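Each protein sequence line maps, in turn, to chains A and B.
Residue numbering for the first sequence follows our numbering, beginning at 856 and increasing consecutively.
Residue numbering for the second sequence follows our numbering, beginning at 626 and increasing consecutively.
We put the CB at the ideal spot given by N, CA and C, even for glycine.
Please read these numbers as outputs of a predicted model, since none were measured by experiment.
A quick write-up on the structure given underneath.
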Amino acid sequence: MTQIYKMTALLVAAGLSLAPALRADDSTSTSTSTTPYTSGAMTLNHPGRLLASNCFQCHGTNGHGMESLAGKSVSDIAGELKEMAQKSPGAEMMNAHARGYSAAQVDLIADYFSKQQP
Amino acid sequence: MNMQQRRNFLKALGVGGAGLLAPSLARAAYRPEGVPVPTGAYGHVVVVGGGMGGAAVAKYLRLWGGSGVKVTLIEKNPSYISNILSNSVLYGKKTLQQLTFTYANLAKNYGINVVQAEVTNIDPISRQVLLSTGARVGYDRLVLSPGIQFDVIPGLETAAAQTAVPHAWQAGVQTTNLRDQIKAMPAGGLFVLTIPAAPYRCPPGPYERACVVADYLKTYKPRSKVLVLDANAAITAEKNNFTKAFSSIHAGVIDYRPASTVLSIDATNRVLDTNWGLIKANVINAIPSQRAGKIVTATGLNNATNGRFAGVNMLSYESTVSGAGGIHIIGDSSATTQPKAGHIANQEGKVCADAIVRSLVGQAPDPAPMTNSSCYTPITMSTASWLTAVYAYDAPSASMKVVGGAATESTSINQDQYQEMEKWFANLMQETFS
């Protein structure tokens, strides 16, 4: 998967249109790669990007804000969200948010932030 | 982009270093890397309106669009005054200056072309917008985020009447006007707040205003009352907390009356003609019903909510009016199942930006977008509650639906949440305007 993102980013940077074969990276499967994404362009087609952007309003663009998420491990982020989803939703705003996402979506969001430079 | 390239890019933009960013947070300001100089190879997107939705869509079109997407943001005002937290101006906790955000960082950090002008006309055939300056700007995609315009309450037709009876529902001179009127109220006076039928901007906002004005009056204008005339059959948002606030925290001060009708208002004598009879007030804060921003209605894109708001495709926010291809409407002007509010307008901007970037390279929009709405609500001058909901696209109804249960409101009202509110606001504004 990582390789595909990179290739896509390069093509886009070069101003080339995307070949249909490369649109496979729109799939919502979870990437397990640990390669850090060092620039915005490199995350161009990360399948969790739009989903993870729901966190930006409070946690900052790409996770650089309040209780920064950028570069935290997948297990830290996903583990915490899954724990929050079990707690009383009205007690903490994050508990309510955590309930809105499936386990697969949580993993995708966590993967996105883990690949951002802290 | 490596560090050297990035420095060169920044140099090309005339940016000396990261230290130029206004540090609105204690931590060092974050500047996303890899925002290349726009060439417009894929297309030119024009964004009209620099509020919470417009600023966010412009930023993310550049951040996610790479070099190929050129963005022009057209806004009539030199800066944005936040409606969020503007109630705190009424009780003296914030100034308008603290709620004001410029477009300098969007221009500097993302290479957005910011133009201060009003859009007077849109030609969807030649894909051009006409500006108040006489200039014409061509677009491949157009995003309209102009907010709302107000209907006129009978009796409040003149500018003088609208000054005497402010709505203060668009932060700015109306806000300070209302603050000054409250300050000048006598002890034992009557403050009347009128709430329009939903949908209107910021569902919990009017109830929040009733609460904080009541708290201010208790402290500074003893024995005063707040009469709330709500056109809705019941509290429209955060019902548990506001019921608690009206019946216990502000009991004896707030008189809440649902299903109210305001026939007209005599601005000179400050008398309301209502279904409850004639009511003489010291200060009237009348919030009129609302519709999509002027440019949306002038272009005929107001095809939903009885012609008041703009119907959009929830995957792309593109207008559902035939012949309006390439025109997207986000934020308060659009007719969706989501609330009309700043926090979620930011997310609508990202969904729209993502869909436009994909379409410019021949891809379909994300088939399952999600958004979220969050807000903190001051209940007194030092305590707050909150309300939040997560929305997901529901294919059968082609609409956004709340997931993970219903919208959630905080089970308590406290000072810690007031502090969280300040942090939320600082982060939200930084994320939207820099």
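8 Å Cβ shell around residue i - same chain, five flanking residues per side excluded
i	result
B:A812	K846, P847, R848, S849
B:N894	K905
B:R687	V660, P663, V694, V696, Y735, G736, I737
B:R652	Confidence in B:R652 is poor, its pLDDT being 45 and thus under 50, which makes the residue's placement unreliable; the coordinate value appears in the next sentence. Closer than 8 Å at Cβ, skipping near neighbours: no residue.
B:G951	P749, R752, Y764, D765, R766, L767, E943
B:S1035	N866, S1010, W1011, L1012, Q1042
A:S957	none
B:T899	L854, S885, T886, V887, L888
Distance between beta carbons of residue j and residue i, contact taken as under 8 Å
i	j	result
B:P824	B:K733	That belief does not hold up - the Cβ atoms of B:P824 and B:K733 are roughly 36 Å apart, past 8 Å.
B:T1013	A:A951	5 Å
B:N971	A:Q960	About 19 Å separates the two Cβ atoms, so there is no contact after all.
B:S1024	B:T922	About 22 Å separates the two Cβ atoms, so there is no contact after all.
B:G675	B:L698	6 Å
B:T800	B:A793	5 Å
B:S984	B:P990	7 Å
Neighbourhood of residue i by C-beta distance below 6 Å, restricted to the same chain and skipping five residues each side
i	result
B:Y716	V837, Y841, M1006
B:E743	K701, S757
B:M1046	Y1001, A1009
B:T725	S704, I706
B:V982	W689, G690
B:I879	A835, A839, V851, F871
B:A929	G936, A960
B:D957	G772, I773, R826, K965
B:V853	L818, A835, Y881
B:D1019	K1026
A:M939	M949, N950, A953
B:A917	N927, F934, A935, S958
B:A1032	A1014
Those residues which DSSP pairs with residue i across a bridge
i	result
B:D898	B:S889, B:L903
B:E700	B:Q741
B:Q774	B:R916
B:P1003	B:A1009
B:R983	DSSP output for B:R983 lists no bridge partner at all.
B:G678	DSSP, once it has assigned bridges, lists no residue as partnering B:G678.
B:Y953	Note on residue identity: the sequence assigns His, not Tyr, to residue 953 of chain B. Answer is B:V768, B:E943, bridged to B:H953.
B:Y881	B:V853
B:F816	B:V851, B:V908
B:H669	B:K695
B:S998	B:A1014
B:M1025	B:Y1018
B:L755	B:N746, B:R761
B:V798	According to DSSP, which records beta bridges pairwise, B:V798 is partnered with nothing at all.
B:S959	B:A935
B:I706	B:T725
B:N1039	B:A1009
Cβ shell of residue i (< 7 Å), same chain only, five flanking positions each side left out
i	result
B:M822	As written in the sequence, residue 822 of chain B is Ala, which differs from the Met given in the question. Answer for B:A822: A856, N857, S914, listed in chain order.
B:P831	L818, I820, I912
B:G780	A786, S889, I890, D891, A892
B:S713	K719, P1003
B:P829	A862, E863, C1000, T1002, L1012
B:I909	V790, V817, I890, R895, L897
B:G948	P749
A:G903	L963, I964, D966, Y967
B:I955	G678, V682, V768, S770, Y942, A970, E973, G974, C977
Cβ neighbour criterion (16 or more within 10 Å) applied to residue i
i	result
B:W901	exposed
B:R826	buried
B:D1041	exposed
B:I750	exposed
B:R761	exposed
B:N708	buried
B:A680	buried
B:V754	buried
A:D962	buried
B:D776	exposed
A:T890	At A:T890, the pLDDT of 31 sits below 50, so the modelled position is not reliable; the number obtained from the coordinates is stated separately. Looking at its Cβ environment, which holds fewer than 16 other Cβ atoms inside 10 Å, A:T890 is exposed.
A:L905	buried
B:E833	buried
A:G955	buried
B:G1030	exposed
B:N746	exposed
A:D966	buried
B:N980	A small correction: the amino acid at residue 980 of chain B is Ala; Asn does not occupy that position in the sequence shown. Classification of B:A980: buried, given that the 10 Å Cβ count is 16 or more.
B:N931	exposed
A:D975	Limits of chain A in this structure are 856 at one end and 973 at the other, which puts residue 975 of chain A out of reach.
Contact list for the stretch 993-1012 of chain B against chain A, Cβ threshold 8 Å: A993, P994, M995, T996, N997, S999, W1011
Selection of the stretch 917-929 of chain A by Cβ proximity to chain B, strictly under 7 Å: N917, H919, G920, M921
Contacting positions in the stretch 905-916 of chain A - beta carbon closer than 7 Å to chain B: L905, L906, S908, N909, F911, Q912, C913, G915, T916
Interface positions of the stretch 1017-1050 of chain B facing chain A (Cβ-Cβ less than 7 Å), listed along the chain: V1028, G1029, G1030, T1033, E1034, S1035, T1036, K1048, W1049
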